[in-house]
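Asker:
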Amino acid sequence: MEKMNTTLTQDENVMELIRLLKENQMKNKANDIFESAT
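Residues in the sequence shown are numbered from 327 upward in steps of one, following our numbering.
1. Inspect the beta-carbon positions of V340 and A363 and report whether they are closer than 7 angstroms.
2. I need the straight-line Cα distance from D358 to L346, nearest angstrom please.
3. In whole angstroms, what is the alpha-carbon distance linking M352 and E361?
4. Spatial neighbours of I344 within its chain, please: C-beta separation below 8 angstroms, excluding the five flanking residues on both sides.
5. Just curious, the alpha helix (DSSP H) that N354 is in, first and last residue?
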């Protein structure tokens, strides 16, 4: 199995989730997810 060389913060799906949360006035949740991913 091939190793992935990306971190979660570089994952397009995670960044899209954070963007959508921010757009829907859920900035605290977006920050929580970002902190968990780093």
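For glycine and all other residues, C-beta sits at the position ideal for the given N, C-alpha and C.
A quick note: this is a predicted structure, and the numbers were derived from the prediction, not measured.
Answerer: Short version:
1. Taking 7 angstroms as the Cβ cut-off, V340 and A363 qualify as a contacting pair.
2. 14 angstroms
3. 14 angstroms
4. A356, I359, F360
5. 353-363
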